[in-house]
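Taking my numbering, the leading residue of the sequence shown gets 24, the next gets one more, and so forth.
For every residue, glycine included, the Cβ atom is placed at its ideal position computed from N, Cα and C.
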Amino acid sequence: MNYEMEELVPVVGKLAEKYTGHESTSVTYEKAEQLMEAVIYCISEGEQSARNSLSNVQKGSAQQAYEIGLACVKKKVKTALGLYNEMLPGLDAFENRCFYDTVIKGLPEFFKWYDPVFEPQNTLLTLDYPVLKDLSAYKGIDRIYEYIRCVELEQRFLGIFPNDHVRNILYRYDKKYRLMIENICEIVLADTLGHILVRKSLQEPVSMEDCRRMQEMLCRKELGEITALLQQMLKAFLEQYCKSGGGVAEYLEYALQDLSIRLKNAAEHGNVQGIFFHHSHVRST
């Protein structure tokens with residue numbers, strides 16, 4: 024639903040009055056722009072919530088739409104905080120500083136300082152630890168909520184493996200993994216699929232001969248076939264080992280297309296081991 028500027032200005036005016044403690048509606052241009060963004064953000068949030076619930080949306084006044092949207096923003100804050108608190112006791116950073124600083128130290132600061140009334144569009148955090156899903160289209164509580172959902176799905180996947188197994192994979196990938204700014208889940212996923220491709224137990228070391236066989240197999244396949252193969256292997260693996268509900272497979276598929284492209288290019292250039300395994304991981308036969 025589109026509202027004209029003249030419909031939004033009175034809503035911003037009321038918000039400005041609230042911001043100044045009902046002493047004035049006069050604010051700086053920058054603050055007025057911020058409050059206008061806040062109003063638009065809330066209205067959009069209300070509209071999105073209505074679409075998600077398949078409700079019949081009828082256009083009311085801009086003030087009504089803003090108030091409904093503001094309530095939706097506050098509700099999403101509570102939902103996101105609840106989800107975060109629920110997963111917090113089991114969160115495992117695997118000694119990675121970026122994950123720890125962003126997820127365990129940073130997210131509580133967001134909930135401490137987030138302002139759903141005057142600046143709901145502000146994400147506050149840079150979210151330095153990368154997740155697999157592209158969240159660039161989101162901001163404010165929407166981005167934080169989606170980010171927490173991504174982390175929760177990653178933790179469910181990583182929870183399949185013992186802690187030391189994950190840390191061993193990370194160490195083989197990069198001896199300075201504690202300082203790296205990369206997605207942990209993607210590294211473990213690639214290692215896992217690599218073992219499945221060469222039909223090795225996850226506990227067995229992968230040899231150069233294994234990598235050569237993998238390379239020959241991948242060279243004979245088109246990109247779409249590689250993606251389909253990875254999807255099939257991932258689905259079978261999760262059906263066997265991940266019993267904690269849906270959503271994990273769909274989330275991990277964000278990484279599969281990129282991994283397929285990298286695999287195809289590596290196979291054609293004779294460097295498959297560089298995709299799946301750090302050089303210190305691959306053992307000569």
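Can you say whether residue i is buried or exposed, counting buried as having 16 or more other CB atoms within 10 angstroms of its CB?
i: D124; result: exposed
i: R306; result: Since pLDDT at R306 reaches only 38, below the 50 mark, its modelled position is unreliable, and no value is offered.
i: R74; result: exposed
i: R195; result: buried
i: H45; result: exposed
i: N186; result: exposed
i: K82; result: exposed
i: Q144; result: buried
i: E27; result: exposed
When the Cα atoms are used, what is the spatial distance from residue i to residue j?
i: C173; j: V35; result: 34 Å
i: C65; j: I167; result: 15 Å
i: G105; j: S72; result: 18 Å
i: A103; j: I171; result: 7 Å
i: Q263; j: L212; result: 15 Å
i: R285; j: I298; result: 7 Å
i: W136; j: R190; result: 33 Å
i: E30; j: K97; result: 23 Å
i: Q87; j: D281; result: 44 Å
i: E232; j: V221; result: 10 Å
i: L257; j: K101; result: 33 Å
i: E175; j: P112; result: 12 Å
i: K223; j: V229; result: 7 Å
i: Q254; j: L158; result: 22 Å
i: R243; j: L252; result: 13 Å
i: D138; j: I91; result: 17 Å
i: G217; j: Y274; result: 19 Å
i: I183; j: K99; result: 29 Å
i: Y107; j: G293; result: 43 Å
i: E276; j: E291; result: 23 Å
i: L225; j: I219; result: 8 Å
i: S2; j: E227; result: An answer regarding residue 2 cannot be provided, because it is not within the stretch 24 to 308 covered by the chain.
i: G269; j: E60; result: 35 Å
i: F260; j: Y52; result: 56 Å
i: M110; j: S283; result: 31 Å
i: H302; j: T215; result: Low local confidence applies: a pLDDT of 42 at H302 is under 50, so the model's placement there is unreliable, and no value is given.
Grab me the residues of residue i's own chain with a C-beta within less than 7 Å of its C-beta, minus the 5 sequence neighbours each way, in chain order.
i: K287; result: L241, L246, I249
i: C208; result: L155, E177, F180, L181
i: E56; result: none
i: L193; result: F117, Y200, I207, I210
i: L150; result: T125, Y170
i: T146; result: K162, G163, R166, I167
i: C95; result: E68, G69, S72
i: A39; result: T48, V50, A55, L58
For residue i, which residues from the same chain have a beta carbon less than 6 Å from its beta carbon, with the 5 sequence-adjacent residues on both sides left out?
i: V295; result: C234, M237, Q238, A289
i: Y89; result: V34, V62, C65, I66
i: F134; result: L104
i: D197; result: M203
i: L93; result: C65
i: A85; result: Y26, E30, L31, V34
Keeping to the same chain, check which residues put their C-beta closer than 8 Å to that of residue i; ignore five residues upstream and five downstream.
i: A116; result: F122, Y123, V126, I127
i: Y42; result: V50, K54, L58, F141
i: Q148; result: Correcting the residue identity first, residue 148 is Leu in this sequence and not Gln. For L148, where only same-chain residues beyond five positions count, the Cβ hits under 8 Å are T125, G129, L130, E132, F133, I167.
i: P153; result: I204, E205, N206
i: R120; result: R201, L202
Any heavy atom of the ligand COA closer than 7 Å to the beta-carbon of residue i?
i: A39; result: The ligand COA is not among the ligands present in this structure, which contains no ligands whatsoever.
Comparing the C-beta of residue i with each C-beta of chain D, is any distance below 8 Å?
i: D157; result: Checking the listed chains, one finds no chain D in this structure; it contains a single protein chain.
Checklist entry - Going along the chain, which unbroken runs of the alpha helix (DSSP H) with 4 or more residues stay wholly within the region 41-127? => result DSSP runs (the alpha helix (DSSP H)) wholly in the region 41-127: 52-75, 85-110.
Item to check | Uninterrupted alpha helix (DSSP H) stretches inside the region 234-291 (no shorter than 4 residues) | outcome: Qualifying alpha helix (DSSP H) stretches, in chain order: 246-264, 271-291.
Checklist entry - Which residue spans inside the region 115-194 form an unbroken alpha helix (DSSP H) run of at least 4? => result Secondary structure within the region 115-194: the alpha helix (DSSP H) runs of 4 or more consecutive residues, fully enclosed, are 130-136, 163-181 (chain order).
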